[in-house]
Ligand code: AMP
Ligand code: GLY
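Residue numbers (the UniProt record's numbering): 1 to 415.
Next comes the structure, spelled out in structure tokens:
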């Protein structure tokens, strides 16, 4: 088999690594990939951007790719699955209509409401005047969300009316997200702990993966600005048996009913971002792709073959698949460039990469055989252990062997 993995992050490196373990896979192309995927078993990078749907389709047809796996959300929302299918190419992911579950928060919240998925109360707005009027009387804190994709920057938790006003003006009037914030929702604030439940669907059933927990803020103790994610653990210790039961009944089952009733073409990943509160477990959002860095913690625990799992979704036979997980726990810790997520430098030499096996690269490039930093989040190391404590220790011991100027990481992942 020839596989194409689309994307350039640590998530895509983890996907390529897991896929490479299938004995029927001969070759994996990563478009565009990174310095880590360039060195991964069976892998070769292809210089096509993950947003260039036309060129990706041409490439997959020319190379007779047997299966394409899409990492990030943007090409999914842009309709890459529809385009590949029209060209007779096999691709794993939701069609554009289904990808609106991530691509439009208004669509997603209306879907949740229609099918009785437990979620925060909300109002949606298409014009700034009505939104500004509404926030004069709503409860605080309130959460203002841009409707469209905003690279993780489209959510503001507002403690006062003036904060909400500023968010609404920047999203709807100043148009800082170039169209993505022209519509917004204002949502009830939920207090609790978050969990990430990645899952796979074939449109007829949903199989949840082992739970995970992201660590979004830049500093220890969950302080400072949000990042793309500074580390993850799996399973998530807050996902107790009763939380999972609640998730199944109030979130997963009604979502599946919605997917079936709307006849969504959905053979792909559905990732539930949930909030566990004193009032119960709520759905915050759907993502239509795997999480980063959750994937880097979850895939090392997957005992089953990932290609076989994906194939059973594409064949509509997911209900028969016996998805197995290794015992124990896993942890990944991200090393970032000093100054991330605000301002940082790139191009520093990375030492130690050849001494550590458990690495997924993201902002890493390989130049004349030398690895250099090439982004805010540079790489993560991971560990799998018989319990969380031992997994955390392995991840940190690995991270210590990696050296580059300005290396920054949180010291409390998994605490
Ligand atoms: P979202 O893109 O909807 O997942 O929002 C990004 C982040 O904002 C979430 O991971 C939460 O940390 C936070 N968030 C979103 N919605 C709410 C809410 N209703 N109450 C509290 N925090 C929220
Ligand atoms: N780690 C959160 C996300 O991928 O959306």
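Positions of the beta carbon are idealized from the N, C-alpha and C atoms, including for glycine.
*Start and end of the alpha helix (DSSP H) containing residue 97?*
Locating residue 97 in the chain shown gives position 97, counting from the first residue. Per DSSP, residue 97 belongs to the alpha helix (DSSP H) from 96-103.
_Continuous alpha helix (DSSP H) assignments of at least 4 residues falling wholly in the segment 244-300_ = 253-261 and 294-298
*Go ahead and pull the three-state DSSP assignment for residue 89.*
Here residue 89 refers to the residue found at position 89 of the chain shown. Note: residue 89 maps to coil in three-state DSSP.
*Under a Cβ-count criterion, where at least 16 other Cβ atoms within 10 Å of its own Cβ denotes burial, should residue 171 be classed as buried or exposed?*
Residue numbering aside, residue 171 sits at position 171 when the chain shown is read from its first letter. It counts as buried.
*Determine the closest residue to residue 324 out of 304, 343, 309 and 295, with distance taken between C-alpha atoms.*
Residue 324 sits at position 324 when you count from the first residue of the chain shown. For the residues 304, 343, 309 and 295, the minimum Cα distance to residue 324 belongs to 304.
*For the ligand AMP, residues whose Cβ lies under 5 Å from any non-hydrogen atom*: 120, 143, 155, 187, 189, 190, 273, 284 and 285
_residue 401 and residue 363 - do their beta-carbons sit closer together than 7 Å?_
Here the question's residue 363 lines up with position 363 in the chain shown. Here the question's residue 401 lines up with position 401 in the chain shown. Not in contact: residue 363 and residue 401 (Cβ atoms no closer than 7 Å).
*Under a Cβ-count criterion, where at least 16 other Cβ atoms within 10 Å of its own Cβ denotes burial, should residue 237 be classed as buried or exposed?*
For this step, residue 237 is matched to residue 237 along the chain shown. By the 10 Å Cβ count, residue 237 comes out exposed.
*Please classify residue 115: does DSSP put it in a helix, a strand, or coil?*
On the chain shown, position 115 is the one that residue 115 refers to. Coil, per DSSP.
*Range covered by the alpha helix (DSSP H) that runs through residue 307*: In the chain shown, residue 307 corresponds to position 307, counting from 1. Start and end: 306-314.
*Any residue whose CB is nearer than 5 Å to a heavy atom belonging to the ligand GLY, listed in chain order*: 214, 229, 291 and 292
*Proximity of residue 229 and residue 216 at Cβ, strictly below 7 Å*: Along the chain shown, read from residue 1 onward, the residue named residue 229 stands at position 229. Along the chain shown, read from residue 1 onward, the residue named residue 216 stands at position 216. The answer is yes: Cβ separation under 7 Å.
*asked:* Comparing C-alpha positions only, which one of 178, 359, 403 and 377 sits nearest to residue 384?
replied: The residue given as residue 384 occupies position 384 in the chain shown. For the options 178, 359, 403 and 377, the alpha carbon positioned closest to that of residue 384 is the one of 359.
*So what does DSSP say about residue 57, is it helix, strand or coil?*
Within the chain shown, residue 57 is the residue found at index 57, counting from 1. If DSSP states are grouped into helix, strand and coil, residue 57 belongs with the helices.
*Check the C-beta distance from residue 32 over to residue 266 and give it rounded, since I have them as a contact under 8 Å.*
As a working mapping, residue 32 is identified with position 32 in the chain shown. As a working mapping, residue 266 is identified with position 266 in the chain shown. In fact, because the Cβ distance is near 26 Å, the residues do not count as touching under 8 Å.
*Can you tell which of 5, 63, 127 and 187 has the C-alpha that lies nearest to the C-alpha of residue 75?*
Taking the first residue of the chain shown as 1, we reach residue 75 at position 75. The option with the nearest alpha carbon to residue 75 is 5.
*asked:* Rounded to whole angstroms, what is the Cα-Cα separation between residue 286 and residue 255?
replied: Here residue 286 is taken as the residue at index 286 of the chain shown, counted from 1. Here residue 255 is taken as the residue at index 255 of the chain shown, counted from 1. So the two alpha carbons sit approximately 10 Å from each other.
_Using a Cβ-Cβ cutoff of less than 7 Å, which residues in the same chain neighbour residue 16 once the five nearest sequence positions on both sides are dropped?_
Looking up residue 16 in the chain shown gives position 16. Closer than 7 Å at Cβ, skipping near neighbours: 5, 28, 30, 37, 40 and 43.
*State the start and end residues of the unbroken alpha helix (DSSP H) segment that holds residue 134.*
On the chain shown, position 134 is the one that residue 134 refers to. Run containing residue 134: 128-134, per the alpha helix (DSSP H) assignment.
*Does the count of Cβ pairs from the segment 124-131 and the segment 298-316 closer than 8 Å reach three?*
Because the criterion of three Cβ pairs below 8 Å is not met, the segment 124-131 and the segment 298-316 do not touch.
*asked:* Using 8 Å as the cut-off, can you tell me whether the segment 151-171 makes contact with the segment 78-98, which would need three or more C-beta pairs spanning the two stretches below that distance?
replied: no
*Pick from 332, 361, 291 and 342: whose alpha carbon is nearest that of residue 392?*
To locate residue 392, count along the chain shown from 1; it is residue 392. Minimum Cα distance to residue 392 is reached at 332.
*asked:* Below 8 Å on the Cβ atoms is my contact criterion, and I expect residue 111 with residue 184 to pass it. Report the Cβ-Cβ distance as a whole number of Å.
replied: Taking the chain shown and counting its residues from 1, one reaches residue 111 at position 111. Taking the chain shown and counting its residues from 1, one reaches residue 184 at position 184. Actually they do not touch by this definition, with Cβ atoms about 17 Å apart.
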